[in-house]
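One rule links them: number in the working numbering = place in the sequence shown (from 1) + 3. Every residue, glycine too, gets a C-beta built ideally from N, C-alpha and C.
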Amino acid sequence: MSELAIDLVNVTKRFGAKMAVDGVSFTVQRGQVYGLIGPNGAGKTTTFSMMCGYLYPTGGTVRVMGVDPSKDGALKGALGALPQDAVLPGGWKVGALLTYWARLSGLDKPENEAREALDKVGLMEAWGVETQALSHGMAKRVAMGQALMGKPPLVLLDEPTAGLDPRIAAQVRQVIRDMRGQQQTVVVSSHNLQELEELCDAAAILDRGKLAQAGTMAELTSQTAEFRVQVASGTVIVPELEAIPGVTSARMEGETVLHVRFDGQGHKPEEVISRVVGHLLQTGVLILGVSRGRRLEERVLQLL
Ligand SMILES: Nc1ncnc2c1ncn2[C@@H]1O[C@H](COP(=O)(O)OP(=O)(O)OP(=O)(O)O)[C@@H](O)[C@H]1O
């Protein structure tokens, strides 16, 4: 069995003259929570749709759980998906609709699956409610519940927390963490970069259809390459810091923030950070805090 949940090689998707996805390659390991990041129109939903098998690529190859997702029934039982603008059919009560979907998916005990899914998304009270009577956020959670039914090994969630109130969004994030705990693979797109930084093991950043960068969250946020020290008082002697083993450069950002780059391949981050902080204290500098790497948001803004 392939170790990869998703393997995209040089994938393109053209809509007429519009190149929505342009030569994108990245892989998602099984068991990872993987983020898809990018501004409006970057190609995230198009990429999702190709992973789900809803769209054929114009070029390149898409393999999902070791198979071509566009082949009929190739991913039956292996994939749960929340599309970006999931619309629930009218004329159904929520519980009956989810039970019907569970039955269509061939799940044992469809009503139990439906109840469990609704419970996971915190919406048990909606069991007997008509789908047309749901708010946007509630309908989205029902659609997400549908994606979770049967605990599929791969779950694709296109903007699962967009439009949800903060309490419910936190609950949805917890559902995603729980899926990772149960070895499910989750691919999630969001414009909330703090959320993705917190949730994801790795991510791909798309921009105007092209891959800007893909890597682990530690790579994207340079956890093993830089840190910042917030200085409370004292004089930082930059050349002395640059002479410390492992440090490749140091500079002050304004009056109070020291930015240090280091060689995280040849040196352990904790050793370099401790040497720098030790040196600062010895030279009479008082510090307020140390933070490793940079925010994902910062990296994305640099790239795009
Ligand atoms: N069916 C289509 N026909 C023509 N162009 C399309 C179609 N679907 C998407 N596009 C175009 O492809 C590009 C990528 O769209 P996509 O929806 O994948 O972006 P996205 O990253 O999901 O954006 P958003 O964050 O706004 O949801 C956009 O320029 C969009 O207008």
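- For glycine 287, the secondary structure class from DSSP, reduced to helix, strand or coil, is coil.
- Here glycine 237 is not near leucine 291, since their CB atoms are 9 Å or more apart.
- Ligand 1 never approaches asparagine 195 closely enough for any of its heavy atoms to be under 8 Å from the residue's Cβ.
- CA-CA distance, leucine 151 to tryptophan 130, rounds to 16 Å.
- Methionine 68: not part of any beta strand (DSSP E); DSSP gives it neither H nor E.
- Look at tyrosine 59 here: in three-state DSSP terms it is coil, with no helix or strand label.
- Boundaries of the alpha helix (DSSP H) around threonine 102: 97 to 107.
- Shortest gap from the CB of glutamate 162 to any heavy atom of ligand 1: under 8 Å.
- Burial state of glycine 212 is buried, judged by a 10 Å Cβ sphere holding 16 or more other Cβ atoms.
- Segment contact: the stretch 128 to 142 against the stretch 59 to 69, fewer than three CB-CB distances shorter than 8 Å; contact not assigned.
- Here the stretch 94 to 105 lies against the stretch 121 to 135, with 3 or more beta-carbon pairs under 8 Å apart.
- About 6 Å separates the beta carbons of valine 36 and isoleucine 179, which is inside the 8 Å limit, making them a contact pair.
- The nearest non-hydrogen atom of ligand 1 is less than 8 Å from the C-beta of glycine 41.
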